[in-house]
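There are 2 protein chains.
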Amino acid sequence: MLPDHNALTSLSRDNQTRQVRESVSKVEKHFGELCQIFAAYVRKTARLRDKADLLVNEIHAYAATETPSLRNGLKNFANEFSKLQDYRHAEVERLEAKVVEPLKCYGTIIKLKREDLKATLSAKNREAKQLSQLEKTRQRNPSDRHIILKAESELQRASLDATRTSRYLEETIDNFEKQKIRDIKNIFSEFVTIEMLFHGKALEIYTAAYQTIQNIDENEDLEMFRSSLYQTEHQSRLDIVRANSESPLQRTASSKSCPGIVQQISRNPLKKEEEDEEYDNEDEYED
Amino acid sequence: MLPDHNALTSLSRDNQTRQVRESVSKVEKHFGELCQIFAAYVRKTARLRDKADLLVNEIHAYAATETPSLRNGLKNFANEFSKLQDYRHAEVERLEAKVVEPLKCYGTIIKLKREDLKATLSAKNREAKQLSQLEKTRQRNPSDRHIILKAESELQRASLDATRTSRYLEETIDNFEKQKIRDIKNIFSEFVTIEMLFHGKALEIYTAAYQTIQNIDENEDLEMFRSSLYQTEHQSRLDIVRANSESPLQRTASSKSCPGIVQQISRNPLKKEEEDEEYDNEDEYED
Numbered sequence: 001m002l003p004d005h006n007a008l009t010s011l012s013r014d015n016q017t018r019q020v021r022e023s024v025s026k027v028e029k030h031f032g033e034l035c036q037i038f039a040a041y042v043r044k045t046a047r048l049r050d051k052a053d054l055l056v057n058e059i060h061a062y063a064a065t066e067t068p069s070l071r072n073g074l075k076n077f078a079n080e081f082s083k084l085q086d087y088r089h090a091e092v093e094r095l096e097a098k099v100v101e102p103l104k105c106y107g108t109i110i111k112l113k114r115e116d117l118k119a120t121l122s123a124k125n126r127e128a129k130q131l132s133q134l135e136k137t138r139q140r141n142p143s144d145r146h147i148i149l150k151a152e153s154e155l156q157r158a159s160l161d162a163t164r165t166s167r168y169l170e171e172t173i174d175n176f177e178k179q180k181i182r183d184i185k186n187i188f189s190e191f192v193t194i195e196m197l198f199h200g201k202a203l204e205i206y207t208a209a210y211q212t213i214q215n216i217d218e219n220e221d222l223e224m225f226r227s228s229l230y231q232t233e234h235q236s237r238l239d240i241v242r243a244n245s246e247s248p249l250q251r252t253a254s255s256k257s258c259p260g261i262v263q264q265i266s267r268n269p270l271k272k273e274e275e276d277e278e279y280d281n282e283d284e285y286e287d
Numbered sequence: 001m002l003p004d005h006n007a008l009t010s011l012s013r014d015n016q017t018r019q020v021r022e023s024v025s026k027v028e029k030h031f032g033e034l035c036q037i038f039a040a041y042v043r044k045t046a047r048l049r050d051k052a053d054l055l056v057n058e059i060h061a062y063a064a065t066e067t068p069s070l071r072n073g074l075k076n077f078a079n080e081f082s083k084l085q086d087y088r089h090a091e092v093e094r095l096e097a098k099v100v101e102p103l104k105c106y107g108t109i110i111k112l113k114r115e116d117l118k119a120t121l122s123a124k125n126r127e128a129k130q131l132s133q134l135e136k137t138r139q140r141n142p143s144d145r146h147i148i149l150k151a152e153s154e155l156q157r158a159s160l161d162a163t164r165t166s167r168y169l170e171e172t173i174d175n176f177e178k179q180k181i182r183d184i185k186n187i188f189s190e191f192v193t194i195e196m197l198f199h200g201k202a203l204e205i206y207t208a209a210y211q212t213i214q215n216i217d218e219n220e221d222l223e224m225f226r227s228s229l230y231q232t233e234h235q236s237r238l239d240i241v242r243a244n245s246e247s248p249l250q251r252t253a254s255s256k257s258c259p260g261i262v263q264q265i266s267r268n269p270l271k272k273e274e275e276d277e278e279y280d281n282e283d284e285y286e287d
């Protein structure tokens, strides 16, 4: 009954090894994919942060050209929105450290498990080889007790070794499964916690940001705009007076701040942006 | 004193036109840039949603290969996370409609304002032309009352027209400024409201998602994993019995569900994924 028994343990061990290999391959495949997609999710979050940073800059740039109330409202909004991007940056770094990295570590863990599997497989192969060696020896030298005993003892040693590595594999795969479930729970819990922290901060910051926008006083700004239109008219009268005086210095100054008709009509369209910038600077009001 | 007065109104109007043009150019530049960056922000949010959708699919795919408690926990998490992506999708569509579109509309508004400016400029040019016409006429025909009167009346008409379009421009730019501040307030308020709605939902959903992860029972799954290892051992004993029976049908069936040593060792690495899939299917437990 020895060969049958051997075949049984061997088959049983094959199945065990197969199941372990499946388990390891499954984790290798899915943790690898989860790692890649989580990393892509984190990258997209970082890209969103970058666009939001551009938005902060552009809101500041626009605000600087505007009437006081709108300018203050937009600047305060940009400051709040910028704070939120700091939290988004923290979100990105935490996700990287607490979700992507632990998944990445499974690359090494899988490698070690594969080595355990390989050792088990070699031990099993040695056992099978010894078994066929013993059978050959029995067929060729059925009466040579000495050589048969030697082959039997070698088979026994190989069998013990196969059993030992197999048992070790069983233990190690048990730990592997336990650790895997704990890690998955931990990684997803961290993911949710990090995301919740960010969303909570976002609600807090947007509440303040909403108020900065509501505080913009349209009427105050409109009055300022109208009075600046009036000031221009008043200024132009002063410029005429200056233009009629004799000082060439004053003339140059006035013609610079108030370009004449010809200058305006013949405006080089290619120079548009440069001039716009000049106007933007002139357009600034005091706080 | 007529020329001086004319020069004054003309200069005053130049300044007014210049200020209006500045205002329009400023809005054209900054609303254009805000529109582009908001659009990019929305696009990145959509990309984040896409990556999250991939994550949902992969979590489902992985969950299907796992022991019941982990599988259920992950599936429930994926369902919650998928719901959040529906809200993110709504966020994307709302931002597109309430932030990007209104900013885009300023393209048309700016075009209309530029037409108003052009009309004012033409009227002003006609007036200047009539003024120099009158002066030429006076120099060339100082005694021809008829021709001078005609030029004077033409200048008067052109002046009235210039004043009229200038006043219209003043009115239209006043409305433009008023509308602009209102629109900015509205666009930023909508932005904050849409974002807050999403972040609020995110907190709600993640709270539920966190629970699905905490509910994963490691011990339940470990027992299941261990018993499946034991089942395999038990199954292999049955397979031996079947392999020893004479039915070729049974033999095929058993060798299919339990591939032998040779088959496993000579496993074609190129076929790995196909086989993994087969194992994944075998690996499924009932709910």
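As given, the protein sequences belong to chains D and U, one line each in that order.
Read in order, the letters of the first sequence are residues 1 to 287 in full-length UniProt numbering.
Read in order, the letters of the second sequence are residues 1 to 287 in full-length UniProt numbering.
Built from N, CA and C at the ideal position, the CB exists for glycine as well.
{"Item": "Exposure of D/Leu160, with buried meaning 16 or more beta-carbon neighbours within 10 Å", "Value": "exposed"}
{"Item": "Best match in U/Ile173, U/Met196, U/Ala209, U/Arg226 for proximity to D/Phe225 [C-alpha to C-alpha]", "Value": "U/Ile173"}
{"Item": "U/Lys113 classed as buried or exposed, judged by whether at least 16 other C-beta atoms fall within 10 angstroms", "Value": "buried"}
{"Item": "First through last residue of the alpha helix (DSSP H) which encompasses U/Ala123", "Value": "101 to 140"}
{"Item": "Beta-carbon proximity list for U/Phe77, same chain, < 7 Å, skipping 5 on both sides", "Value": "Ile59, Ala209, Thr212, Ile213"}
{"Item": "Contact set for U/Tyr106: own chain, Cβ-Cβ below 6 Å, skip 5 residues either direction", "Value": "Phe31"}
{"Item": "Own chain partners of D/Pro102 with C-beta closer than 7 Å, once the 5 adjacent residues on each side are dropped", "Value": "Asp183, Ile187"}
{"Item": "Of the residues D/Glu220, D/Glu33, D/Glu96, D/Tyr168, the one placed nearest U/Ala63, counting alpha carbons only", "Value": "D/Glu33"}
{"Item": "Span of the alpha helix (DSSP H), counted from its first residue to its last, around U/Asp66", "Value": "Here residue 66 of chain U turns out to be Glu, not Asp, going by the sequence shown. No alpha helix (DSSP H) holds U/Glu66; DSSP gives it neither H nor E."}
{"Item": "Span of the alpha helix (DSSP H) around U/Asp144", "Value": "Unbroken run through U/Asp144: none, as it is neither H nor E."}
{"Item": "Any C-beta of chain U under 8 Å from that of D/Gly32", "Value": "no"}
{"Item": "D/Asp221 in three-state terms, based on DSSP", "Value": "helix"}
{"Item": "Burial state of U/Tyr167 (16 or more Cβ within 10 Å)", "Value": "In the sequence under discussion, the amino acid at residue 167 of chain U is Arg, which differs from the Tyr named in the question. By the neighbour-count rule (16 or more Cβ atoms within 10 Å), U/Arg167 is not buried but exposed."}
{"Item": "Reference D/Lys118; option with closest CA among D/Glu204, D/Asp14, D/Lys178", "Value": "D/Asp14"}
{"Item": "Min CB distance D/Asp221 to chain U below 8 Å", "Value": "yes"}
{"Item": "Interface residues of chain D facing U/Asp174 [CB-CB closer than 9 Å]", "Value": "Leu222, Phe225, Arg226, Leu229"}
{"Item": "Beta-carbon neighbours of D/Lys51, restricted to chain U and to distances below 7 Å", "Value": "Ile37, Ala40, Tyr41, Lys44"}
{"Item": "U/Phe198 versus U/Lys111 - alpha carbon distance", "Value": "35 Å"}
{"Item": "Residue burial classification, D/Gln156 (beta-carbon count within 10 angstroms, cutoff 16)", "Value": "exposed"}
{"Item": "Assigned secondary structure, U/Asn15 (DSSP; H/G/I helix, E/B strand, else coil)", "Value": "helix"}
{"Item": "Supposed close pair D/Lys51, U/Ile37 - CB separation, criterion 8 Å", "Value": "6 Å"}
{"Item": "C-beta contact flag for D/Glu127 and D/Ala162 at 8 Å", "Value": "yes"}
{"Item": "Simplified DSSP state of D/Val20, which is helix, strand or coil", "Value": "helix"}
{"Item": "8 Å Cβ cut-off: residues of chain U touching D/Lys178", "Value": "Glu218, Leu222"}
{"Item": "Any C-beta of chain U under 8 Å from that of D/Lys98", "Value": "no"}
{"Item": "For U/Leu186, the three-state DSSP class (helix, strand or coil)", "Value": "Strictly speaking, residue 186 of chain U in this sequence is Asn, with Leu absent from that position. Note: U/Asn186 maps to helix in three-state DSSP."}
{"Item": "Cβ-based neighbour list, residue 289 of chain U, same chain, cut-off 7 Å, excluding 5 preceding and 5 following", "Value": "Summary: the structure shown does not reach residue 289 of chain U, with chain U confined to residues 1 through 287, and so no result is reported for it."}
{"Item": "Proximity test, Cβ basis, 8 Å: D/Gln19 and chain U", "Value": "yes"}
{"Item": "Cutoff 8 Å: U/Leu134 Cβ touching any chain D Cβ", "Value": "no"}
{"Item": "C-beta neighbour in chain D for U/Tyr210, strict 8 Å", "Value": "yes"}
{"Item": "From U/Gln130, U/Lys180, U/Leu70, residue whose alpha carbon lies closest to that of U/Lys104", "Value": "U/Lys180"}
{"Item": "Within chain D, partners of U/Tyr106 - CB distance below 8 Å", "Value": "Here the premise fails: no neighbours, minimum Cβ distance about 12 Å."}
{"Item": "For U/Ala46 and U/Val92, believed in contact at Cβ under 8 Å, the rounded distance", "Value": "5 Å"}
{"Item": "Closest Cα partner of D/Lys83 within the set D/Gln139, D/Val56, D/Lys129, D/Glu177", "Value": "D/Val56"}
{"Item": "Short CB-CB distance (under 8 Å) between D/Ile110 and chain U", "Value": "no"}
{"Item": "D/Ile181, DSSP secondary structure in three states", "Value": "helix"}
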